[in-house]
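To start, the structure under review is shown below, and the notes come after it.
Protein chains: 2
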Amino acid sequence: MTEQQTVPTRGGKAAHVAKGQSIKIINTHGSQVVDTWAFRTDDLTEFMSMEHTRSALLKLMPATGDALYSNRRNPIMTLVEDTTTGIHDTLLAACNKERYEQLGCTEYHANCTDNLTVAMQELGLKEPETPSPLNVFMNIPWTDAGGLSFEEPETKPGDYIVLRAEMDCVVAMSACPQDMVPINGADCVPTEAHFEVI
Amino acid sequence: MTEQQTVPTRGGKAAHVAKGQSIKIINTHGSQVVDTWAFRTDDLTEFMSMEHTRSALLKLMPATGDALYSNRRNPIMTLVEDTTTGIHDTLLAACNKERYEQLGCTEYHANCTDNLTVAMQELGLKEPETPSPLNVFMNIPWTDAGGLSFEEPETKPGDYIVLRAEMDCVVAMSACPQDMVPINGADCVPTEAHFEVI
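Residue numbers (the working numbering), protein chains in the order written: chain Y, 10 to 207; chain B, 10 to 207.
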């Protein structure tokens, strides 16, 4: 039996996923980006790395069947199922407090970088750094000239991906609290997301 | 007066660059990739970040006039001059020993990740992590579908870029020792590079 757990609106959550288990990340309300990290359980200094994944796959985006690679070039998870059109982002950094200050916030704004820290703390862990996340469901198209833009997700309610763990790892997720640019939908209203460890 | 210094073949070198000074990175022999990092002198945990730079510029590659951003979203350097066709890579990870093991090396192979460590050590410093580097002169084109490929540099001998420091920083460079795929030219022969602090 699997139990659905919540990544709270504007918050983060982490879970242990043993080698061979999978984690299903669900876009419950249909337009929520979920920044996702994975750290090797017995040595957190090995973690999923977007730059090493791009180098290994020679792709800007992983597709179903592709592994995601660690900073030591080992497969750490594999994308085994994806009900979306396949659009996820590997290019942009997790939002952080400075991002919102620059957007004009004068008070603290929830952000994915701090959500990672809190999610890990809840498991008694500390991330060694803030790796560039796999931005699940995030829609950042590129042009021939190398331009990028923030677009709304193309996902629908209930869309999900399944990542299979290739080593024992801790998977951390942040329901991105971005409400000032429309990456979580045109209404700029972040929502919760859900996940299951299968 | 400025003095030309050497980034040795297959090796690394770092230098202090004060705010307002610039560093000129020279492709002496015409086809050498130089992995480049910058760390804030008085707090090495702030450093040039490709994922934050892409987020800030909304570009896959910086162009002349663009700032390069730190992981705290501050401009750390600005690309003020570039004699090349403007092709540099922000997407791929620094090579590491695991990369060469996977390419079939059975003995230790020099690599940019270790070159960063040695270059910092020569200044009595230790990098807090291995940020994804600005791969100066590296030619990694992308396709509409998101495919990437390793191509030879389009540079010629003596081509250079100039980066102006926007804060006091330590700039580390590695003359990429990759000799198994043709990113340092079709002959796969890495060479030295040079730099000047101006």
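Just so you know, even glycine gets a beta-carbon here, dropped at the ideal spot from N, CA and C. For clarity, every value in this text was computed on a predicted model and none was experimentally measured.
Please tell me whether Y:Met70 has its Cβ less than 8 Å away from any Cβ of chain B.
It does: the Cβ of Y:Met70 has a partner Cβ on chain B nearer than 8 Å.
The stretch 76-91 of chain B touching the stretch 160-171 of chain B, judged by at least three CB pairs closer than 8 Å:
By the Cβ criterion, the stretch 76-91 of chain B is in contact with the stretch 160-171 of chain B, since at least three pairs of Cβ atoms, one from each stretch, lie closer than 8 Å.
Consider the Cβ of B:Gln187: report whether some Cβ of chain Y lies at a distance smaller than 8 Å.
no
To the nearest angstrom, how far is it from the Cα of Y:Pro84 to the Cα of Y:Ala76?
6 Å
Y:Ser40 at chain B interface by Cβ criterion, 8 Å:
no
Below 8 Å on C-beta distance, what does B:His61 contact in chain Y?
Against chain Y, a Cβ distance below 8 Å from B:His61 picks out Ala102.
Would you kindly work out how many angstroms separate the C-alpha atoms of B:Phe159 and B:Gln187, rounded to a whole number?
Rounded to the nearest angstrom, the two C-alpha atoms are 11 Å apart.
Chain B within 8 Å of Y:Arg82, Cβ atoms only:
yes
Less than 6 Å between C-beta atoms, sequence neighbours within five positions excluded: which residues of the same chain meet that for B:Asp123?
none
What residues are listed by DSSP as bridge partners for B:Asp44?
B:Asn144 and B:Ser183
Can you tell me whether Y:Thr164 is buried or exposed? The criterion is at least 16 other CB atoms within 10 Å of its CB, across all chains shown.
By the 10 Å Cβ count, Y:Thr164 comes out buried.
Buried/exposed call for Y:Lys22, threshold 16 Cβ in 10 Å:
buried
DSSP state of B:Leu125, grouped into three classes?
helix
Any C-beta of chain B under 8 Å from that of Y:Arg108
yes
So, for B:Thr139: in the same chain, excluding its five sequence neighbours on each side, which residues have a beta-carbon less than 7 Å away from its beta-carbon?
Setting aside the 5 residues that flank it on each side, B:Thr139 is surrounded in the same chain by Ala103, Thr122 and Leu125, each with a C-beta closer than 7 Å to its C-beta; the list follows chain order.
What residue range does the alpha helix (DSSP H) around B:Arg63 cover?
Met59 to Leu66
If you measure between the beta carbons of Y:Gly29 and Y:Pro166, is that distance less than 8 Å?
For the pair Y:Gly29 and Y:Pro166, the CB atoms are not nearer than the 8 Å cut-off.
Along chain Y, which residues have their Cβ under 7 Å away from the Cβ of B:Gly155?
Lys68, Leu69 and Met70
Contacts around B:Leu101, its chain only, beta-carbon distance under 7 Å, and the 5 residues preceding and following it disregarded
Asn144 and Ile149
Partners in chain Y for B:Ser64, counting only beta-carbon separations shorter than 7 Å:
By Cβ distance, chain Y contributes Leu101 and Ala102.
Given Y:Tyr109, which residues of its chain have a CB within under 6 Å of its CB, disregarding the five upstream and five downstream residues?
His118
Taking Cβ-Cβ distances shorter than 8 Å, what residues in chain Y pair up with B:Glu138?
Pro137 and Glu138
Checking contacts by CB at 8 Å: is Y:Ser58 closer than that to chain B?
By this cut-off, Y:Ser58 is an interface position.
Neighbour flag for B:Ser158 against chain Y, beta carbons, 8 Å:
yes
Please name the residue in Y:Glu161, Y:Asp196, Y:Ala65 and Y:Val179 whose C-alpha comes closest to that of Y:Val42.
For Y:Val42, the nearest C-alpha among the options comes from Y:Glu161.
In angstroms, rounded to a whole number, what distance separates the CA positions of Y:Glu131 and B:Leu67?
34 Å
Can you give me, in chain order, the residues of the stretch 166-196 of chain B that have a beta carbon less than 7 Å from any beta carbon in chain Y?
none
Given a cut-off of 8 Å, decide if B:Gly155 and Y:Met70 are closer than it, judged by their beta-carbon atoms.
yes
Residues of chain Y with CB closer than 7 Å to the CB of B:Trp151, please, in chain order.
Leu69 and Trp151
Using a Cβ-Cβ cutoff of 7 Å, what residues of the stretch 108-126 of chain B are near chain Y? List them in chain order.
Arg108 and Gln111
So with Cβ pairs under 8 Å, would you call B:Ser31 a contact of chain Y?
no
Taking Y:Arg173 as part of the beta strand (DSSP E), name the residues at either end of that continuous run.
Asp168 to Ala174
Where do the N-terminal and C-terminal ends of the alpha helix (DSSP H) with B:Tyr109 fall, by residue?
Lys106 to Gln111
Among B:Asp196, B:Val26, B:Val198 and B:Thr15, which residue has its Cα nearest to the Cα of B:Val206?
B:Val26
Y:Thr11 versus Y:Pro199: straight-line alpha-carbon distance, rounded
Roughly 26 Å between the two C-alpha positions.
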